[in-house]
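Asker: Sharing a structure with you now.
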Amino acid sequence: MLIAAEPRIHSRELAQRLGISKQTVQQRMQILTMKGVLRGITAGISIFYLDAVYVLVFGKSNTTSIEDTLDRLGESELTHGVIVAGGNFLYVRGLLRNISELNNYGEFVRRAAEMPTPTVGIFDFDVGIMPDYVDGARRKKSYKELTALDLRIIASLKNSVRRPVADIADAIGVSVKTVRRRLNDMISEGSLDFFAPLDLVPDEDMFTLMHVNLREGANKEEVGRRLFAKYPHQTLYIRSFSNLPNFLLCTFCSDKMAEIHKVLRMIGEDEDVLAAVPDHLYHERIYSTWLDKLPAALGCPSRKTGTRSTRFEPKMR
Numbered sequence: 000m001l002i003a004a005e006p007r008i009h010s011r012e013l014a015q016r017l018g019i020s021k022q023t024v025q026q027r028m029q030i031l032t033m034k035g036v037l038r039g040i041t042a043g044i045s046i047f048y049l050d051a052v053y054v055l056v057f058g059k060s061n062t063t064s065i066e067d068t069l070d071r072l073g074e075s076e077l078t079h080g081v082i083v084a085g086g087n088f089l090y091v092r093g094l095l096r097n098i099s100e101l102n103n104y105g106e107f108v109r110r111a112a113e114m115p116t117p118t119v120g121i122f123d124f125d126v127g128i129m130p131d132y133v134d135g136a137r138r139k140k141s142y143k144e145l146t147a148l149d150l151r152i153i154a155s156l157k158n159s160v161r162r163p164v165a166d167i168a169d170a171i172g173v174s175v176k177t178v179r180r181r182l183n184d185m186i187s188e189g190s191l192d193f194f195a196p197l198d199l200v201p202d203e204d205m206f207t208l209m210h211v212n213l214r215e216g217a218n219k220e221e222v223g224r225r226l227f228a229k230y231p232h233q234t235l236y237i238r239s240f241s242n243l244p245n246f247l248l249c250t251f252c253s254d255k256m257a258e259i260h261k262v263l264r265m266i267g268e269d270e271d272v273l274a275a276v277p278d279h280l281y282h283e284r285i286y287s288t289w290l291d292k293l294p295a296a297l298g299c300p301s302r303k304t305g306t307r308s309t310r311f312e313p314k315m316r
């Protein structure tokens, strides 16, 4: 999560924050990469800058072939990832350009996943349940415009986030000073985002998704922060949905079944929790979306004019 928040962070800084040696950090990085847990980090235009919408469509699938179903779900450029849990329960993450795509995408998932009664949740990243190193910057009311140069810098980082500034400057034909200044501005502004896809299943740990239903009137932000604070290392994230007022989705991991039982019991005993229903996940697939193609596409000649876009205006909230 620290690397996802600051992909260009030095191993020495990671060691200081984690309270371990630099050598241990490097060894763990090699192991996580070798096992496929870390799949690399990419850069792109922030979903907050674009005012894009993350949704989760989940429910029991009647499919007889999970792999075929995952192939069908990947046919939409809106599908970002799918988690497969026990009993053919699927969690489909969608990245929508805007909320008007919600109904059509929900119907697509229902058909493609053979999911008769899906639940659709709209992710709410602004509630402040998770630390900044998990969710990154908060959404702003407005953003500065990205220029053509900004888009070229973002595109140059797509497959090599830790690429040296000098290499970027040489590739796009501007000074090192200019690249460094524009990078720092975009990062601080929040218009540039870094994505670190994690494969949740190749390691020895067991991963559990838990549906947490809260009592009427409970403050789910306070409940979420309280639960995360008790088990920050086992809890990968706790998600809230703007259209599901009494519901939280927790993901946590452990290599010991006893630890999982302990976390389950702790969550169930919280005074604001009515029910906590666990489900173990065993497979995940991540897809490329329209967002992955965006920086390069915006820099391409227009079909109508034959000229390149010089500015890209954010949506104002």
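Note that numbering that gives the first Met the number 0 has the sequence shown beginning at 0, numbered continuously upward. For each residue, glycine too, the CB sits at the ideal point set by N, CA and C.
Alpha helix (DSSP H) containing VAL160: first to last residue?
Answerer: Taken as a continuous stretch (DSSP letters only), VAL160 belongs to no alpha helix (DSSP H), as it is neither H nor E.
Asker: Report the CB separation of GLY105 from VAL119 in whole angstroms; it is logged as a contact under 8 Å.
Answerer: That belief holds up - the Cβ atoms of GLY105 and VAL119 are roughly 5 Å apart, short of 8 Å.
Asker: Below 7 Å between beta carbons: does that hold for PRO117 and GLY35?
Answerer: Cβ atoms of PRO117 and GLY35: not closer than 7 Å.
Asker: Assign GLU268 to one of two classes, buried (16 or more other C-beta atoms within 10 Å of its C-beta) or exposed (fewer than that).
Answerer: Its Cβ having fewer than 16 others within 10 Å, GLU268 is exposed.
Asker: For a test of the three-state rule: what should DSSP assign to GLU188, helix, strand or coil?
Answerer: Helix at GLU188.
Asker: Return helix, strand or coil for VAL222, following the three-state DSSP convention.
Answerer: If DSSP states are grouped into helix, strand and coil, VAL222 belongs with the helices.
Asker: What residue ranges within the region 72-136 form continuous alpha helix (DSSP H) runs of no fewer than 4 residues, ordered along the chain?
Answerer: Those alpha helix (DSSP H) runs which fall completely within the region 72-136 and span 4+ residues are 101-111 and 131-134.
Asker: Taking DSSP as the reference, what is the three-state secondary structure of PRO244?
Answerer: Three-state DSSP puts PRO244 in a strand.
Asker: Rounded to whole angstroms, what's the CA-CA distance from LYS21 to GLU5? Just pull it up for me.
Answerer: Each residue's Cα considered, the two are about 17 Å apart.
Asker: Since GLY58 is in the beta strand (DSSP E), which residue starts that stretch and which ends it?
Answerer: From DSSP, the beta strand (DSSP E) with GLY58 extends over 52-59.
Asker: In whole angstroms, give me the CA-to-CA distance for ALA317 and TYR90.
Answerer: Residue coverage of the chain in this structure runs from 0 to 316, which leaves residue 317 outside it and unanswerable.
Asker: Do GLY73 and THR290 come within 7 Å of each other at the CB atom, strictly closer than that value?
Answerer: Before going on, a small fix: residue 290 reads as Leu here, not Thr. Taking 7 Å as the Cβ cut-off, LEU290 and GLY73 do not qualify as a contacting pair.
Asker: Pull up the distance between the alpha-carbon of SER308 and that of ALA147, whole angstroms please.
Answerer: Unreliable positioning characterises SER308 in this predicted model, as indicated by a pLDDT of 42, which lies under 50. The coordinate reading is nonetheless provided below. SER308 and ALA147: Cα-Cα distance of roughly 7 Å.
Asker: Excluding sequence positions up to five away, which residues of its chain have a Cβ less than 8 Å from the Cβ of LEU168?
Answerer: Going by the sequence as given, residue 168 is Ala instead of Leu. These residues qualify, in order along the chain: SER174, VAL175, THR177 and VAL178.
Asker: To the nearest angstrom, how far is it from the Cα of VAL24 to the Cα of MET33?
Answerer: Rounded to whole angstroms, VAL24 to MET33 spans 14 Å at the Cα level.
Asker: Any chance the CB of LYS157 is under 6 Å from a heavy atom of the ligand MG?
Answerer: As for the ligand MG, it is missing from this structure, which has no ligand bound.
Asker: In whole angstroms, what is the alpha-carbon distance linking THR62 and HIS9?
Answerer: Whole-angstrom Cα-Cα distance: 45 Å.
Asker: If we require 4 or more residues per run, which alpha helix (DSSP H) segments fall completely within the region 8-43?
Answerer: Fully enclosed alpha helix (DSSP H) runs of 4 or longer: 10-17 and 21-34.
Asker: Classify SER187 as buried or exposed, calling it buried when 16 or more other Cβ atoms lie within 10 Å of its own Cβ.
Answerer: Under this definition SER187 is an exposed residue.
Asker: For PRO294, does the count of other Cβ atoms within 10 angstroms reach 16, so buried, or fall short, so exposed?
Answerer: That one is buried.
Asker: List the endpoints of the continuous beta strand (DSSP E) containing ASP278.
Answerer: Segment 272-285, the beta strand (DSSP E) holding ASP278.
Asker: Helix, strand or coil: which one does DSSP assign to VAL211?
Answerer: Here VAL211 sits in strand by DSSP.
Asker: Any idea what DSSP makes of TYR236, helix, strand or coil?
Answerer: Looking at TYR236 - three-state DSSP - the assignment turns out to be strand.
Asker: Quick check: what's the CA-CA separation for LEU280 versus LYS143?
Answerer: Straight-line Cα distance between these residues: approximately 40 Å.
Asker: Applying the 10 Å Cβ sphere with the 16-neighbour rule, what's the burial state of VAL52?
Answerer: Buried, because 16 or more other Cβ atoms sit within 10 Å of the Cβ of VAL52.
Asker: Using 10 angstroms around the beta-carbon of GLY223, count the other beta-carbons present and answer buried if the total reaches 16, otherwise exposed.
Answerer: GLY223 comes out buried.
Asker: Can you tell me which of the three DSSP states SER45 falls into?
Answerer: The answer is coil: DSSP assigns SER45 none of H, G, I, E or B.
Asker: By the three-class DSSP mapping on this structure, what secondary structure does THR288 have?
Answerer: In the structure shown, THR288 sits in coil (DSSP, three-state: anything other than H, G, I, E or B).
Asker: Taking just the CA atoms, how far does THR68 sit from ARG161?
Answerer: About 35 Å.
Asker: To which residues of the same chain is LEU1 closer than 8 Å at the C-beta, ignoring the five residues directly before and after it?
Answerer: Cβ within range, chain order: ILE8, LEU13, ARG16, LEU17 and TYR132.
Asker: Residues in the same chain with beta-carbon distance under 7 Å from ASP149, minus the five sequence neighbours each way, listed in chain order, please.
Answerer: Cβ within range, chain order: ARG181 and MET185.
Asker: Sorted by chain position, which residues of the same chain lie with C-beta nearer than 7 Å to PHE317's C-beta, five sequence neighbours on each side aside?
Answerer: Past the edges of the chain, shown from 0 to 316, lies residue 317, and the structure says nothing about it.
Asker: Quick check on the burial criterion: 16 or more other C-beta atoms within 10 angstroms. Buried or exposed for ALA275?
Answerer: Flag for ALA275 reads buried.
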